[in-house]
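Everything below concerns the one structure shown next.
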Amino acid sequence: MRRRALLAMFVVLLLIGAYGAYVVSYPKYPEVNGCVNPFRVTTPVSRVQENWSKAHVFLKLATSRDFWKLAKPWDVDYSHVKIVKHTIEYNGEKITMLAMGIPLKDKKHVIALYEFSKPVQGVKVRGYLLELDNPVVKTVALTTNGQYKTANSCPHDCNSNNDCGEFSSCEPYCCSTDWGCAISCCLQAGHCKWLCRLGEEVCIACVVAECGWCTADYCCTEWGSLCQDWGNAP
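The numbering of the sequence shown is the numbering used here, which starts it at 149 and goes up by one.
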């Protein structure tokens, strides 16, 4: 028992060290240009299911700065994480988007994490912390390229970058989604039928991974906007 505890502690320290090294060398992404919703400026082409092991998923999340801003790797229900790699079209070019639907153990929250192979108007990674309060699912917080912002009250801070500071950009996001619409949208596309019978959080995790355009654009019922601070200019 003691040996197991020591081994577990060693693994945790190793992961923390790896994450620290990763953050230090974290790539600097380009500045986001204008009010960007990646789902509005891209078109889905195809998708492929990713069947990762739980260890692979854990390591992916443990080295994701955006995920750490929204939750911790040990809070995840790894049995029901949904991962889909989408091929999408942006500016006439085909790129990929890795979509992860990540239910948490509390059964009240789901993380939606989207990682683009090339920046979409500056957005390389976009994450959402969703709170499930049946029948409503709210966006509690979001990240863009590792920058965190809370969104509890659905603020409307800006209409364009001109409304924000010199080193900030205007970020639109969906505060509230008609989840009946989103689930129906996804089911009509032939996805998540069986997983939506396993519980609300499992269903939502599947829908955000399979059908991000349904949840973050088509079925949005209230849009908000935030001034995202990018720090000092280089």
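Heads up, the beta-carbon is just placed ideally off N, CA and C, and yes, glycines get one too.
Check, Outcome
"In chain order, what residues of the same chain lie with their CB nearer than 8 Å to the CB of SER373, ignoring the 5 residues before and after it?", "CYS183, PRO303, HIS304, ASP305, CYS306, ASN307, CYS318, GLU319, PRO320 and TYR321"
"My output table needs one value for THR92: the three-state DSSP class, helix, strand or coil.", "Look at the range of the chain in this structure, 149 to 382, and you will see that residue 92 is not part of it."
"According to DSSP, is LYS233 helix, strand or coil?", "strand"
"Give me the Cα-Cα distance between LYS217 and SER332, rounded to the nearest whole angstrom.", "30 Å"
"In this structure, how does DSSP classify ARG195 when only helix, strand and coil are distinguished?", "strand"
"Which residue marks the beginning of the beta strand (DSSP E) containing GLN269, and which one marks its end?", "Looking at the DSSP string, GLN269 is not in any beta strand (DSSP E), and its letter there is neither H nor E."
"Looking at the secondary structure, which residues open and close the beta strand (DSSP E) in which CYS323 lies?", "316-325"
"Just tell me which of GLU263, HIS228, TRP342 and THR287 has its CA closest to the CA of LYS202.", "HIS228"
"Of the choices LYS266, LEU207, GLY360 and ASP326, whose alpha-carbon is the least far from that of ALA337?", "GLY360"
"Which of the three DSSP states, helix, strand or coil, is assigned to ASP223?", "helix"
"If I measure Cβ to Cβ from THR244 and keep anything under 8 Å in the same chain, skipping five residues before and after, which residues do I get?", "LYS233, HIS234, THR235, ILE236, PHE264 and SER265"
"Quick check on the DSSP output: the beta strand (DSSP E) that includes CYS368 runs from which residue to which?", "368-377"
"Expressed to the nearest angstrom, what Euclidean distance is found between the alpha-carbon atoms of LYS230 and CYS312?", "35 Å"
"At what residues does the alpha helix (DSSP H) containing VAL356 begin and finish?", "348-358"
"Do three or more CB pairs link the segment 250-262 to the segment 209-225 at distances below 8 Å?", "yes"
"Out of curiosity, what's the CA-to-CA distance linking LYS341 and ARG213?", "32 Å"
"Mind listing, in chain order, the continuous beta strand (DSSP E) runs of no fewer than 3 residues lying wholly within the segment 235-290?", "241-251, 257-268 and 271-281"
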